[in-house]
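Numbering (our numbering), first residue to last: 10 to 119.
Ideal placement from N, C-alpha and C gives every residue a C-beta, glycine not left out.
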């Protein structure tokens with residue numbers, strides 16, 4: 010039957026220091042204290058993950074708004090084109106109305 014070697018408290022402390030990134034003197038920590046530190050690390054990791062998700066969502070939202078702003082910036086040229094086209098259509102409509110009125114007058118004269 011094989012035996013399993015468990016890490017010593019010193020090895021656990023070294024690992025914990027690396028995971029947390031803090032220098033915490035846990036070499037003489039009890040199992041309860043180590044468990045408490047692990048629990049705090051897990052809670053901090055969960056909060057970090059949640060904040061990263063929120064940041065990712067905020068960045069995506071910001072990028073979408075930036076894209077929409079760029080689209081809106083392009084609109085003035087489109088609006089100017091549409092106004093010019095509307096002006097031409099209005100002018101053409103006025104010409105046609107004038108011709109129609111002239112024709113109606115000719116028909117009435119007959």
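Status (buried if at least 16 other CB within 10 Å, exposed otherwise) for residue i
i, result
"residue 105", "exposed"
"residue 94", "exposed"
"residue 46", "buried"
"residue 13", "In this predicted model, residue 13 has a pLDDT of only 45, less than 50, meaning its place in the structure is not dependable; the value taken from the coordinates is given anyway. With fewer than 16 Cβ atoms within 10 Å of its Cβ, residue 13 is classed as exposed."
"residue 99", "exposed"
Unbroken alpha helix (DSSP H) run spanning residue i, endpoints
i, result
"residue 119", "Neither: residue 119 is in no alpha helix (DSSP H) and is coded neither H nor E."
8 Å Cβ shell around residue i - same chain, five flanking residues per side excluded
i, result
"residue 74", "none"
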